[in-house]
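Trainee: I am attaching a structure below and will ask some questions about it afterwards.
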Amino acid sequence: MKKVLYYSVILFFIGACQKEINFDLSDHQAKLVVNGHLYNDSLISIDLSISGQITQSVVQPYVNGVVELFDKDTNQLLTLNNDGNGRYFSSIYKTQANTIYFIKIKTNERIYWIREETPDTVFSEIKDSSRFFFQGNEAYFQLKLELNDKSILKNFYEIKVKRFYKEWNGIDSINKQEWVDINTQEFVLTESPTSRYSKKQLLFSDRFFNGQKINLNLGMFGLFNTPQQRTTHLQVYVSSLSLNAFNYYTSINEHLFFQNDPFTQPSQIIGNVPDAYGAITGRYLNVETIVFK
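Shown next as C-alpha cells:
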C-alpha cells in the first residue's frame, strides 16, 4: 500500500516599503595626524600627515612643517630633520629615561604643543622556559618572566612577543615574523579589563605589586604545530610606558576589540596632541631573545 502525503502550501505575500536614510557625508575639516615615539636611548622619529574624508579615495598628503624639541624648562634642544615625506627625525640626539620633553609642531595652519615624558627604567628578565602538554595541545610553550618594579611611583607596562620562523614554500625557505597571542592566568594581567582587549599587547599597571618584584607565567600556542614552519627564535618585548602611552594604546585596543560589535558605541582614541589625531608616546624598552635549536 502506497502512502501518499499531501502538503498544503500557504503563500504569504508581504509588501515591503522602502525608506531612504540620508547620511551626512559632508566634508569635515581635516586634522593633523601625529605618530611619534620617544624610546630610551634611541633617535626620535615623528610622522605627520592629514586626516582624510570618507568620500575621498586618494591618499592624504604628508605635512611639511617644522618640529622642535624642548626640555622641561622649554629650552630648545634641537630642530628635527625633515625627509620631505612627512617624517621628522633626529640624526644624533637620543632621548633619555625619566625625562620630560615638549614638542612643538608648526604647520602652515597652526602651532601644536605636546608634553610627553619618557618612563623610568624597566627591569625584567626571563628566568625559565619550557614546552609541555597543555589544554590538549602538546606544543604549548611557557616562559617565566621576572619583573622588578623598583619605583614607588605608579608605573605602566606592556608585554609583547614576536615569533621568527622559516616557512617552506616547496622550493625554498622564507624568513618570516609575526606578533603572537599571549595566554596567561596571572591575576595582575587579568584583573583589569585593559588586558583583555588584546592578546598580542598585554597592558597593565603595577597596582598590585608597586615597588615589588613579581614572576609572571606567560604561554603561547602554535609555535611548533605547522609542518611547513620552523620557529627559530622569539623576542620578548617588555616596556614601561608613560601614562599617555598607556592610555593611547589601551584606547586603540579597546576600539579594535569592539569595532565589529553593533551594540556598542565607538571607543574614543585617547591621544595627547590637542585638536589632532594620534600621539607622541614615551617608553623604556627591554628586549630578550629565546633561541630554539
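Residues 1464 to 1756 in our numbering are what the sequence shown lists, from first letter to last.
For every residue, glycine included, the Cβ atom is placed at its ideal position computed from N, Cα and C.
Predicted model, so just to flag it, every value in this text is computed and none were measured.
#1: Quick check: lysine 1557 and serine 1505, are their CB atoms within less than 9 angstroms of each other?
#2: Would a C-beta distance cut-off of 9 angstroms place tyrosine 1747 and threonine 1584 closer than the cut-off?
#3: Among Tyr1575, Ile1732, Glu1641, which has the Cα closest to the Cα of leucine 1511?
#4: Roughly how many whole angstroms lie between the Cα atoms of glycine 1685 and isoleucine 1622?
#5: Helix, strand or coil for leucine 1706 per DSSP?
#6: In chain order, what residues of the same chain lie with their CB nearer than 6 angstroms to the CB of isoleucine 1563, ignoring the 5 residues before and after it?
#7: Between which two residues does the alpha helix (DSSP H) carrying leucine 1431 extend?
#8: Straight-line CA distance for alanine 1742 to lysine 1625?
#9: In terms of residue numbering, what span does the alpha helix (DSSP H) encompassing glutamate 1624 cover?
#10: Cβ of lysine 1613 within 9 angstroms of Cβ of leucine 1706?
#11: Kindly list the residues whose CB is nearer than 8 angstroms to the CB of asparagine 1548, restricted to its own chain and excluding five residues on each side of it in sequence; keep chain order.
#12: Which residue comes first and which comes last in the beta strand (DSSP E) that contains valine 1496?
#13: If I measure Cβ to Cβ from glutamate 1751 and keep anything under 7 angstroms in the same chain, skipping five residues before and after, which residues do I get?
#14: Is it buried or exposed, leucine 1665, if we count other Cβ atoms within 10 angstroms and call 16 or more buried?
#15: DSSP three-state call for valine 1440: helix, strand or coil?
#16: Under the rule that 16 or more other beta-carbon atoms within 10 Å means buried, what is leucine 1488, buried or exposed?
#17: So the alpha helix (DSSP H) phenylalanine 1650 belongs to, where does it begin and stop?
#18: Determine the direct distance from the alpha carbon of asparagine 1571 to that of serine 1587, and round the result to whole angstroms.
#19: Out of curiosity, what's the CA-to-CA distance linking glycine 1674 and glycine 1499?
#20: Per DSSP, glutamine 1605 forms a beta bridge with which residues?
Mentor: Taking the geometry as given:
#1: Lysine 1557 places its beta carbon less than 9 angstroms from that of serine 1505.
#2: In this structure, threonine 1584 lies closer than 9 angstroms to tyrosine 1747 by Cβ.
#3: Just measuring C-alpha positions, the residue of Tyr1575, Ile1732, Glu1641 sitting nearest leucine 1511 is Tyr1575.
#4: So the alpha carbons of these two residues sit roughly 18 angstroms apart.
#5: Note: leucine 1706 maps to helix in three-state DSSP.
#6: In its chain, beyond the 5 residues on either side, Lys1535, Glu1580 have a beta carbon closer than 6 angstroms to the beta carbon of isoleucine 1563.
#7: There is no way to answer for residue 1431, as the model of the chain reaches only from 1464 to 1756.
#8: A straight-line Cα-Cα distance of about 24 angstroms links alanine 1742 and lysine 1625.
#9: Before going further, note that residue 1624 is valine rather than glutamate in the sequence given. Counting along the chain, valine 1624 sits inside no alpha helix (DSSP H); it lies in the beta strand (DSSP E) bounded by residues 1619-1631.
#10: Cβ distance not < 9 angstroms, so lysine 1613 and leucine 1706 don't count as in contact.
#11: Excluding its 5 nearest sequence neighbours in each direction, asparagine 1548 has C-beta neighbours in its own chain below 8 angstroms: Tyr1525, listed in chain order.
#12: 1495-1502 is the span of the beta strand (DSSP E), which, as asked, contains valine 1496.
#13: Sequence-distant Cβ neighbours of glutamate 1751 in its own chain, meaning closer than 7 angstroms and more than five residues away, are Ile1589, Val1699.
#14: Classified as buried, leucine 1665 has 16 or more neighbouring CB atoms from the shown chains inside 10 Å of its CB.
#15: Lying outside 1464 to 1756, the shown extent of the chain, residue 1440 is not represented and no answer is given.
#16: The pLDDT assigned to leucine 1488 is 48, lower than 50, so where the model puts this residue is not dependable; a value taken from the coordinates is nonetheless given after this. With fewer than 16 other beta carbons inside 10 angstroms of its own, leucine 1488 counts as exposed.
#17: 1650-1653 is the extent of the alpha helix (DSSP H) around phenylalanine 1650.
#18: Those two C-alpha atoms are separated by around 44 angstroms.
#19: Straight-line Cα distance between these residues: approximately 30 angstroms.
#20: The beta-bridge partner set that DSSP reports for glutamine 1605 consists of Ser1593, Gly1682.
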